[in-house]
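For reference, the structure discussed in these notes is given below.
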Amino acid sequence: MLEPLNPLWSLGGGLLIGLSAAGYLLMNGRIAGISGLAAAALGLTKGSSRRLGLGFIAGLLGGSALAMAFVRRPEFEITTSVPLLIVGGLLVGFGTRWGSGCTSGHGVCGLARLSPRSLAATGIFMGVAALTVFITRHLMGGPG
Amino acid sequence: MSRLVVAIVCGLLFGAGLVLSDMVNPARVLAFLDVAGAWDPSLALVMVGALIPSSVAYLLRRRMDAPVAETAFAVPETRRIDRALVGGAILFGLGWGLVGLCPGPALAALVTGLWPALVFVAAMLAGMILFRVTLDRSA
């Protein structure tokens, strides 16, 4: 069962994510969008540097490891079946590239700069995700 | 400061933020998306926290001719809401709602070493490659 989380963890963690996005914009002039950076790290993008994508993703893994080791051991509760994990992963990978962004690029960075494209994308993926959860949990009775 | 150092430091902050806010936990994210169930507001608070520094940065950017470590800003200026944006957001929302992981938290969750995170990330990267060889017209 999921315990309620002290809102200071949420706000504090969010601030770090926002500082990351702010720093990446003001220093490197780019949007800190994880789907784009991951694709760049894989060498799948034309315009962005593979080296910077790899650096950012390596930093993300390192920061996550440090926080897990020294600050907060996170729970990782997942009940999704393997076929659904694979389908979900494919949809997230394909969809974020086709739609040019995910929760960080469209959500954090796009909303901060009031981009109409990002406002639309964030509304759509949040709405579709909430609808998906409603259907799987309340109409079909739990994730497969 | 070199652009690579900036990327690594920003990555460190981002990864730590995802762990501290428990966004690496799919149950936490699904509880936010489950508006008809035992709703958990955490994700909204994370967004509020993140939007404070990022909004300030995007305001500061207007007063700057160029970023500090790079010659020019590379922020997309397109305003058109096209089929790709809508189609991509729908597919992404569907996958996100099925599992509770989006790209950042999925990568950060790799550090737990737990196999569902590995399976999801492998499929996610495969999905990115699949897009590159099918619909991607950028290259």
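Listed in order, the protein sequences are those of chains C and Y.
According to our numbering, the first sequence holds residues 1 to 144 in order.
According to our numbering, the second sequence holds residues 1001 to 1139 in order.
Glycine included, each C-beta is placed from N, C-alpha and C at the ideal position.
Predicted model, so just to flag it, every value in this text is computed and none were measured.
With three or more CB-CB distances shorter than 8 Å, the region 1047–1062 of chain Y counts as touching the region 7–27 of chain C.
Contacts between R1061 (chain Y) and chain C, judged by CB atoms closer than 9 Å, involve L25, L26, G29 and R113 in chain order.
Apart from sequence neighbours up to five positions away, the residues of its chain that approach A121 (chain C) with a beta-carbon distance below 6 Å are G99 and H106, ordered along the chain. Under the 8 Å criterion on CB atoms, A129 (chain C) is classed as interfacial with respect to chain Y.
For D1022 (chain Y), the nearest CB of chain C lies under 8 Å from its own CB, placing it at the interface with that chain. DSSP, read as helix, strand or coil, puts W1096 (chain Y) in helix.
Distance from the CA of P1026 (chain Y) to the CA of G127 (chain C), rounded to the nearest whole angstrom, comes to 17 Å.
For W9 (chain C), the uninterrupted alpha helix (DSSP H) segment begins and ends at P7 to G23. The beta-carbon of A120 (chain C) is placed less than 8 Å from the nearest beta-carbon of chain Y. Between A130 (chain C) and V1035 (chain Y), the C-beta spacing is below 8 Å.
Going by DSSP, T96 (chain C) is part of the alpha helix (DSSP H) stretching over V82 to W98. Think of a sphere of 9 Å around the beta carbon of P83 (chain C): no beta carbon from chain Y falls inside it, the nearest being about 10 Å out. Contact between L1091 (chain Y) and L42 (chain C) does not hold, since the beta-carbon distance rounds to 19 Å and is not under 8 Å. Taking a contact as a CB-CB distance under 8 Å, the pair W1096 (chain Y) and V92 (chain C) counts as one, their CB atoms being some 6 Å apart.
Each of C:L52, C:T103, C:S20 and C:P4 was checked against the Cα of S1002 (chain Y), and the nearest Cα belongs to C:L52. If you draw a 10 Å sphere on the C-beta of P1105 (chain Y), you find 16 or more other C-beta atoms in it, and that means buried. In its own chain, leaving out the 5 sequence neighbours on each side, no residue places its CB closer than 8 Å to the CB of E1077 (chain Y).
Contact note: W1096 (chain Y) reaches chain C through V92, F125 and A129, using a C-beta cutoff of 7 Å and chain order. For G13 (chain C), the closest alpha carbon among the candidates Y:A1031, Y:L1033 and Y:V1048 is that of Y:V1048. At least one C-beta of chain Y is nearer than 8 Å to the C-beta of L61 (chain C). Sequence-distant partners of L1012 (chain Y) (beyond 5 residues in either direction) whose C-beta falls short of 7 Å from its own C-beta are missing from its chain.
Rounded to whole angstroms, the separation of the alpha carbons of G47 (chain C) and R1132 (chain Y) is 14 Å. For I34 (chain C), the three-state secondary structure derived from DSSP is helix. W1115 (chain Y): member of the alpha helix (DSSP H) spanning W1115 to V1133, first to last residue. Non-local beta-carbon contacts of P116 (chain C) in its own chain, meaning distances under 7 Å to residues more than five positions away in sequence, are absent.
Taking the Cα positions, V1111 (chain Y) is about 14 Å away from F70 (chain C).
Taking C-beta atoms as the reference points, A1117 (chain Y) and F76 (chain C) count as a pair closer than 8 Å.
Following the DSSP letters along the chain, one finds V1111 (chain Y) in no alpha helix (DSSP H), marked with neither H nor E. Y:I1129 is the residue among Y:A1074, Y:I1129 and Y:A1066 whose C-alpha sits nearest the C-alpha of F94 (chain C).
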